[in-house]
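Participant: Oh and the sequence shown: position 69 is 70 in the numbering used here, straight run, nothing missing. We treat Cβ as the ideally placed atom computed from N, Cα and C, and that holds for glycine. As the structure is a prediction and not an experimental result, all values here were calculated from the model. Mind having a look at this structure? Questions to follow.
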Amino acid sequence: MTDRRRPRLDEATVLRVLEVSGVDPATVASCEELTGGTSNSVHRVRTTGGDGLVLKVAPDPDAPALGHERGLLRTEAEFYRAARGSAPVPEVVHADFTRTTVPADFLVMTECPGENWGSRRKTITGAERSGLRAELGRVLRRTHAVTGPGFGYPQLGLADTWRAAFLSMVDILLADADRFAVTPPVPPARIASWMRGHADLLDEVDRPALVHFDLWDGNILVEGGRITGLVDGERAFWGDPVADLVSVALFGDVEQDRDLLAGYDSGPFTPGVRLRLSMYRVYLYLVMLVEAVPRGYSGPGHAMTARSARKHLLAELGSP
């Protein structure tokens with residue numbers, strides 16, 4: 002699924018952006034646009050010295066977007082800087098939010114080695130998968146040990162409590178559903194009421210942990226039986242580490258992923274943790290349904306994802 006807002010950059014523009022970022026255009030050996038992403042323009046750069054870089058350019062800041070999707074490359078840069086030393090993430094080479102070189106934010110970072118896990122799914126053996134899931138659990142544990150200055154999405158301003166931050170995130174998303182005329186399988190008023198009915202559980206979270214929140218297989222790089230990169234950190238926030246256990250088991254039950262949980266060393270899930278997981282699943286499924294409109298998703302791949310999101314959202318909340 003490709004976002005219709007994705008910017009298109011010619012070679013001269015790419016070289017100009019790289020020069021502003023401290024990369025001499027004369028040292029650029031190759032530059033390849035990557036097509037696997039969604040809303041950002043992404044280019045892989047090779048230098049004559051053998052270095053690998055990745056350039057990401059955000060969509061037009063005035064393009065239609067969800068309420069939390071403003072300044073996402075700022076958040077991605079913050080995630081990498083915060084996680085570095087705890088997880089295999091790119092190093093930020095240059096971040097520019099002035100919109101003077103190009104009329105959008107851009108980020109230049111080092112390229113992590115490896116291929117995305119999704120592209121390797123059919124060739125990874127059962128034993129390799131077990132080892133990778135356990136390592137992913139350990140990487141998550143270290144990442145979640147990083148503590149932020151407050152709760153919520155960095156680009157929206159931080160709250161003093163996780164309850165305040167998450168309920169605001171939900172309200173913004175429900176407003177987006179109305180703005181983009183998306184009808185969830187469960188009435189929005191019921192979703193809001195259900196979230197607030199369990200809000201006391203959010204008070205169990207008293208430390209703003211670093212959360213990636215988009216760790217499906219396509220955003221995890223692997224090589225030689227190791228996790229070599231966590232990428233696309235633009236959905237990151239400071240909050241409940243339990244929230245990261247949603248996307249690592251998207252449309253599944255993370256409690257069945259024994260290898261990951263052994264690496265994560267979480268201990269048994271309490272009823273409160275299970276309910277918080279359910280709240281974050283509902284939130285993510287709703288994001289997946291609403292974001293499709295401003296991004297212009299279409300085709301059989303999107304239709305299948307949307308059906309799954311609707312089905313699983315209903316399973317969490319029951320029939321409308």
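CA-CA distance, Ala-78 and Val-183?
Facilitator: Taking the first residue of the sequence shown as position 1, residue 78 is located at position 77. Taking the first residue of the sequence shown as position 1, residue 183 is located at position 182. If you take the alpha carbons of Ala-78 and Val-183, they lie about 30 Å apart.
Participant: Please report the straight-line C-alpha distance between Arg-208 and Gly-151, rounded to a whole angstrom.
Facilitator: As a working mapping, residue 208 is identified with position 207 in the sequence shown. As a working mapping, residue 151 is identified with position 150 in the sequence shown. When rounded, the distance between both Cα atoms is 8 Å.
Participant: Using DSSP bridges, identify the partner residues of Phe-238.
Facilitator: Reading the sequence shown from its first residue, position 237 is the one you call residue 238. Partner(s): Val-212.
Participant: What residue range does the alpha helix (DSSP H) around Leu-315 cover?
Facilitator: Reading the sequence shown from its first residue, position 314 is the one you call residue 315. Element bounds for Leu-315: 300-318.
Participant: Given a threshold of 16 other Cβ atoms within 10 Å of its Cβ, counted over all protein chains shown, does Lys-379 qualify as buried or as exposed?
Facilitator: Here the chain comprises residues numbered 2 to 321, so residue 379 is not present and cannot be evaluated.
Participant: Please report the residue range of the alpha helix (DSSP H) in which Leu-137 lies.
Facilitator: Residue 137 sits at position 136 when you count from the first residue of the sequence shown. Residues 127-145.
Participant: Could you check how far apart the C-beta atoms of His-213 and Phe-80 are, in whole angstroms? I think they sit under 8 Å.
Facilitator: As a position in the sequence shown, residue 213 is number 212, starting the count at 1. As a position in the sequence shown, residue 80 is number 79, starting the count at 1. Indeed, because the Cβ distance is near 7 Å, the residues count as touching under 8 Å.
Participant: Determine the direct distance from the alpha carbon of Arg-296 to that of Arg-9, and round the result to whole angstroms.
Facilitator: Reading the sequence shown from its first residue, position 8 is the one you call residue 9. Reading the sequence shown from its first residue, position 295 is the one you call residue 296. Each residue's alpha carbon lies about 15 Å from the other.
Participant: Does Leu-314 pass the burial test, meaning 16 or more other C-beta atoms within 10 Å, or should it be called exposed?
Facilitator: In the sequence shown, residue 314 corresponds to position 313, counting from 1. Classification for Leu-314: buried.
Participant: Given this structure, state the Cα-to-Cα distance separating Ala-304 from Ala-200, to the nearest angstrom.
Facilitator: For the purposes of this step, residue 304 is identified with residue 303 of the sequence shown, where counting begins at 1. For the purposes of this step, residue 200 is identified with residue 199 of the sequence shown, where counting begins at 1. Going from the Cα of Ala-304 to the Cα of Ala-200 covers about 32 Å.
Participant: Below 8 Å on the Cβ atoms is my contact criterion, and I expect Ala-83 with Val-147 to pass it. Report the Cβ-Cβ distance as a whole number of Å.
Facilitator: Locating residue 83 in the sequence shown gives position 82, counting from the first residue. Locating residue 147 in the sequence shown gives position 146, counting from the first residue. Right, their Cβ atoms sit about 5 Å apart.
Participant: I'd like the list of long-range same chain contacts for Leu-159, defined as Cβ closer than 8 Å, with 5 residues on each side in sequence excluded.
Facilitator: Along the sequence shown, read from residue 1 onward, the residue named residue 159 stands at position 158. Answer for Leu-159: Gly-149, Pro-150, Gly-151, Phe-152, Gly-153, Ala-166, Pro-209 and Trp-239, listed in chain order.
Participant: Measure how close the beta-carbons of Glu-136 and Ile-228 come, nearest whole angstrom, since I'm counting them as under 8 Å.
Facilitator: Residue 136 sits at position 135 when you count from the first residue of the sequence shown. Residue 228 sits at position 227 when you count from the first residue of the sequence shown. Correct: roughly 5 Å between the Cβ atoms.
Participant: What number of angstroms, rounded off, separates the C-alpha of Leu-202 from the C-alpha of Gly-273?
Facilitator: Residue mapping note: residue 202 aligns to position 201 of the sequence shown, counting from 1. Residue mapping note: residue 273 aligns to position 272 of the sequence shown, counting from 1. Each residue's alpha carbon lies about 6 Å from the other.
Participant: For the putative contact between Val-109 and Ser-22, defined by C-beta atoms under 8 Å, what is the C-beta separation to the nearest angstrom?
Facilitator: Here residue 109 refers to the residue found at position 108 when the sequence shown is read from its first residue. Here residue 22 refers to the residue found at position 21 when the sequence shown is read from its first residue. That belief holds up - the Cβ atoms of Val-109 and Ser-22 are roughly 4 Å apart, short of 8 Å.
Participant: Give me the DSSP bridge partner(s) of Leu-56.
Facilitator: Locating residue 56 in the sequence shown gives position 55, where the first residue counts as 1. According to DSSP, which records beta bridges pairwise, Leu-56 is partnered with His-44 and Val-109.
Participant: How about the stretch 162-180 and the stretch 112-121: do they share at least three Cβ pairs that are nearer than 8 Å?
Facilitator: No, they do not touch.
Participant: Check Arg-277 in the structure and name its three-state DSSP category.
Facilitator: Along the sequence shown, read from residue 1 onward, the residue named residue 277 stands at position 276. Correct three-state label for Arg-277: helix.
Participant: Under the assumption that Ser-267 contacts Glu-317 (Cβ atoms under 8 Å), give the Cβ distance between them as a whole number of angstroms.
Facilitator: As a position in the sequence shown, residue 267 is number 266, starting the count at 1. As a position in the sequence shown, residue 317 is number 316, starting the count at 1. Not a contact, Cβ separation roughly 21 Å.
Participant: Let me make sure I understand the geometry here. Which of Gly-198, His-145, Arg-308 and Pro-104 has the alpha-carbon closest to that of Ala-88?
Facilitator: Counted from its first residue, the sequence shown places residue 88 at position 87. With distances taken between Cα atoms, Ala-88 lies closest to His-145.
Participant: For the beta strand (DSSP E) that contains Leu-73, what are its first and last residues?
Facilitator: For the purposes of this step, residue 73 is identified with residue 72 of the sequence shown, where counting begins at 1. Note, Leu-73: premise wrong, no beta strand (DSSP E); alpha helix (DSSP H) at 73-84.
Participant: By DSSP, does Arg-227 sit in helix, in strand, or in coil?
Facilitator: As a first step, residue 227 is located in the sequence shown; it is residue number 226 there, counting from the start. Strand, per DSSP.
Participant: Return yes when the Cβ of Val-249 is within less than 8 Å of the Cβ of Leu-216, no when it is not.
Facilitator: Here residue 216 is taken as the residue at index 215 of the sequence shown, counted from 1. Here residue 249 is taken as the residue at index 248 of the sequence shown, counted from 1. Yes; because the gap between Cβ atoms is below 8 Å, this pair is in contact.
Participant: With the cut-off set at 8 Å, would you say Gly-219 and Gly-302 are in Cβ contact?
Facilitator: Translated into the one-based positions of the sequence shown, residue 219 becomes position 218. Translated into the one-based positions of the sequence shown, residue 302 becomes position 301. Contact: no.
Participant: Please list, in chain order, all residues of the same chain as Ile-192 whose beta carbon is under 8 Å from its beta carbon, the five residues on each side excluded.
Facilitator: Taking the first residue of the sequence shown as position 1, residue 192 is located at position 191. Val-171, Leu-175, Pro-185, Val-283, Leu-287 and Leu-318.
Participant: What does the Cβ neighbour count give for Arg-277, buried or exposed, with the cut at 16 atoms within 10 Å?
Facilitator: For the purposes of this step, residue 277 is taken as the residue at position 276 of the sequence shown. Label assigned to Arg-277: buried.
Participant: For Glu-70, tell me which candidate among Arg-100, Val-24 and Gly-234 has the shortest Cα-Cα distance.
Facilitator: Within the sequence shown, numbered from 1, the residue matching residue 70 stands at position 69. Nearest option by C-alpha distance: Gly-234.
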